[in-house]
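Undergrad:
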Amino acid sequence: MVCSHAWGSGIPATVVAAVDINTTTNQIYKHNFPDTPLWNKTIEGISLDAFDKLPFDMILMSPPCQPFTRIGLQGDISDPRTKSFLYILDLLPRLSRPPRFILLENVKGFESSSARDCLVKTLTQCGYTFQEVMVSPTSVGIPNSRLRYFLIAKLSAETQSTQRSKTPDAFTPPAERASPEQLTDSGPLRPEEDVEASRVLYKQETSKDAQRKTSQNNDLSVRRIRDFLEPEVDEEHFLLPPRTLLRYALLLDIVQPSCRRSVCFTKGYGRYVEGTGSVLQSCEGTEMEAVFRGLDSLCDEEKLQKLSQLRLRYFSPREVANLMGFPQSFSFPEQTSTRQQFRALGNSLNVEVVVGLLHRLLSL
Ligand SMILES: *[C@@H]1O[C@H](CO)[C@@H](O)[C@H](O)[C@H]1NC(C)=O
Ligand SMILES: *[C@@H]1O[C@H](CO)[C@@H](O)[C@H](O)[C@H]1NC(C)=O
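Here the working numbering = 1-based position in the sequence shown + 866.
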């Protein structure tokens, strides 16, 4: 949780406390914001009294998301990892001066969790008006899918003057509120039926996948991958090793610099291949279909020889950071390994998406 964020947002604000318990993440934060008070704590480790002593107008938070993903088996509020989230909900009505603004992020699926229902109930009781949206970076022109749930809430005017709970505006369920465009972008959590929908083409790609990619690449409101690449990247260093090419070639999501799309980067990027993020075809002159056609019937050596023509590589951490909307001023401390950088980025939010939502929140 950070209280109001000025970083590149054009919003004049001071962060009064940044709270996280993760050592790596805290090192990265400290490196970029040496003057911001950083509390190495869990949320539930902070007392009501400590919150009351802190002058803040805004809470930005991303409660642990494992319980709400499929991988987390939908444990939902019975899952101990939701503890910090429930603690905040318990705290909010008891604060002597509740924050005027709240922004909360979570994974797709949160919108239909019981944790979300608790959140909405608490906000309503405390006199907040709010909006829920599903947003992907493509909506701000960034060629990366990362569909996430966001809730922005504002203490309603009467509540602010009386500091008492009032009935807020009627609530519109997220499905009706979010625009269809925002909801079509599906990132890595594609519904089951999509995956099995149609026949496999030359790679393990269905015609539906191919159609989606083509239409994404034709969306001129989204910039090209090229704009997010490092000019001087050490290409060799990020090339996919032969072992990975042989084993996973058909599962890779491959993009070219001219593309206007990439799939969601997760914390396993650079280590695991399937569903962790796109890889880049750095040799644009090679035709992908020609490489993949008839690949199955070749021996390993021939396969490798063909696949290496594409010069497939991982995006560098800096390039992933660019696609995550991080400003140029952002950097990693020297001691953060590449693997840690990918892990931290994979758990991060898209900065430009948050900036857009902050502006919307402040104009509510
Ligand atoms: C932060 O807290 C964790 C867990 O309590 C501890 O292991 C770590 O050393 C602390 N880091 C710093 C910088 O104090
Ligand atoms: C710290 O964060 C990184 C990346 O966000 C994650 O991979 C790692 O598991 C976390 N460590 C702990 C102790 O939670």
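Note that beta-carbon positions come from the ideal geometry of N, C-alpha and C, so glycine has one too.
Identify which residue in Tyr1015, Arg963 and Ser1011 has its Cα closest to the Cα of Lys974.
TA: Selected option, being the one with the closest Cα: Tyr1015.
Undergrad: Any idea if Ser1128 is buried or exposed, counting beta-carbon neighbours within 10 angstroms, 16 or more meaning buried?
TA: Per the 10 Å Cβ criterion, buried.
Undergrad: Between Arg966 and Asp923, is the Cβ-Cβ spacing less than 8 Å?
TA: Yes. Within cutoff.
Undergrad: Would you kindly check if the distance between the Cβ of Leu958 and the Cβ of Arg964 is under 8 Å?
TA: Inspection of the sequence shows that residue 964 is occupied by Pro rather than by Arg. Yes, they are a contact pair.
Undergrad: Counting only the same chain and skipping the five closest in sequence on each side, list residues whose C-beta sits under 7 Å from that of Phe1104.
TA: Within the same chain, Phe1104 has close Cβ partners Arg1179, Tyr1180 and Ser1182.
Undergrad: If contact is defined by three or more beta carbon pairs under 8 Å, each pair taking one atom from either stretch, is the region 1192-1208 in contact with the region 875-894?
TA: Taking 8 Å as the limit for Cβ pairs, the verdict is that the region 1192-1208 does touch the region 875-894.
Undergrad: Which residues end up in the neighbourhood of ligand 2 when you take C-beta atoms closer than 6 Å to any of its heavy atoms?
TA: Cβ-based neighbours of ligand 2 within the cut-off: Asn888, Thr890, Thr891, Lys1133, Arg1209, Ala1210 and Asn1213.
Undergrad: Opposite Met1154 in the DSSP bridges: which residues?
TA: Paired residues: none, contrary to the question.
Undergrad: Gln997 bridges to which residues according to DSSP?
TA: Ile1018, per the DSSP bridge assignment.
Undergrad: Can you give the Cα-Cα distance for Ala1076 and Pro1123, rounded to whole angstroms?
TA: Taking the straight line joining both Cα atoms gives about 17 Å.
Undergrad: Thinking Tyr994 and Ser1022 are a contact (beta carbons under 8 Å), I'd like their distance in whole angstroms, please.
TA: That belief holds up - the Cβ atoms of Tyr994 and Ser1022 are roughly 7 Å apart, short of 8 Å.
Undergrad: What distance in whole Å lies between the Cβ atoms of Arg1226 and Lys1133, which are believed to be in contact at a cut-off of 8 Å?
TA: So it is not a contact: roughly 28 Å between Cβ atoms.
Undergrad: On a Cα-Cα basis, can you pick out the residue from Pro1097, Asp1093, Glu1096 and Arg1137 that is closest to Tyr1114?
TA: Answer by Cα proximity: Arg1137.
Undergrad: State the Cα-Cα distance for the pair Ala879 and Tyr953, rounded to the nearest angstrom.
TA: Looking at the two C-alpha atoms, the distance is approximately 26 Å.
Undergrad: Less than 8 Å between the beta carbons of Phe1094 and Asn1188, yes or no?
TA: Going by C-beta atoms, Phe1094 is nearer than 8 Å to Asn1188.
Undergrad: Can you have a look at Ser1195 and say buried or exposed, based on whether 16 or more other CB atoms are within 10 angstroms of its CB?
TA: When all chains shown are included, Ser1195 counts as exposed.
Undergrad: Mark Pro903 as exposed unless 16 or more other C-beta atoms lie within 10 angstroms of its C-beta, in which case mark it buried.
TA: Looking at its Cβ environment, which holds fewer than 16 other Cβ atoms inside 10 Å, Pro903 is exposed.
Undergrad: Starting from the Cα of Thr849, find the closest Cα among Thr948, Glu1140 and Glu1024 and give me that residue.
TA: The structure shown does not extend to residue 849, since the chain is modelled only from 867 through 1230, so no value can be given for it.
Undergrad: Give me, in chain order, the residues of the same chain whose beta-carbon lies closer than 8 Å to that of Ala916; leave out the 5 immediate sequence neighbours on both sides.
TA: Closer than 8 Å at the Cβ level, and outside the excluded window around Ala916, lies no residue.
Undergrad: At 4 residues or longer, what runs of the alpha helix (DSSP H) sit wholly inside the region 1098-1158?
TA: Listed in chain order, the complete alpha helix (DSSP H) runs (minimum 4 residues) inside the region 1098-1158 are 1101-1104, 1108-1114 and 1154-1158.
Undergrad: Give a yes or no on contact between the region 1135-1151 and the region 1077-1084, applying the rule of three or more CB pairs nearer than 8 Å.
TA: Touching, no.
Undergrad: If you draw a straight line from the alpha carbon of Pro1108 to that of Thr1072, how long is it in whole angstroms?
TA: Spanning the two alpha carbons is a distance of roughly 25 Å.
Undergrad: Excluding sequence positions up to five away, which residues of its chain have a Cβ less than 6 Å from the Cβ of Ala1019?
TA: Contacts found: Ile968, Leu989, Tyr994 and Phe996.
Undergrad: Answer yes or no: the CB of Asn898 versus the heavy atoms of ligand 1, is any distance below 7 Å?
TA: No, ligand 1 has no heavy atom inside 7 Å of this Cβ.
Undergrad: Please tell me whether, using a cut-off of 7 Å, the distance from the CB of Asn906 to the nearest non-hydrogen atom of ligand 1 is below it.
TA: Yes, the Cβ of Asn906 comes within 7 Å of a heavy atom of ligand 1.
Undergrad: Just the C-alpha distance for Glu1058 and Leu1112, rounded to the nearest angstrom, thanks.
TA: At Glu1058 the pLDDT is 36, less than 50, meaning the model places this residue with poor confidence and gives no usable figure here.
Undergrad: Going by alpha carbons, who is nearest to Pro946 out of Pro929, Leu961 and Lys1169?
TA: Looking at the Cα atoms, Pro929 is the closest of the given residues.
Undergrad: Compute the distance between the beta-carbons of Glu1218 and Val1006, then report whether it is under 8 Å.
TA: In this structure, Val1006 lies closer than 8 Å to Glu1218 by Cβ.
Undergrad: If you draw a straight line from the alpha carbon of Lys987 to that of Leu926, how long is it in whole angstroms?
TA: If I take the Cα positions, the gap works out to 19 Å.
Undergrad: When we look at the beta-carbon of Asp1162 and count the other beta-carbons within 10 Å, is it buried (16 or more) or exposed?
TA: With fewer than 16 other Cβ atoms within 10 Å, it is exposed.
Undergrad: Quick check: what's the CA-CA separation for Arg1090 versus Thr1004?
TA: Looking at the two C-alpha atoms, the distance is approximately 11 Å.
Undergrad: Since Ile968 sits in a beta bridge, which residues does DSSP pair it with?
TA: Answer by DSSP bridge pairing, in chain order: Ile925 and Ala1019.
Undergrad: Determine the direct distance from the alpha carbon of Gln1175 to that of Glu1102, and round the result to whole angstroms.
TA: In a straight line, the C-alpha of Glu1102 is about 13 Å away from that of Gln1175.
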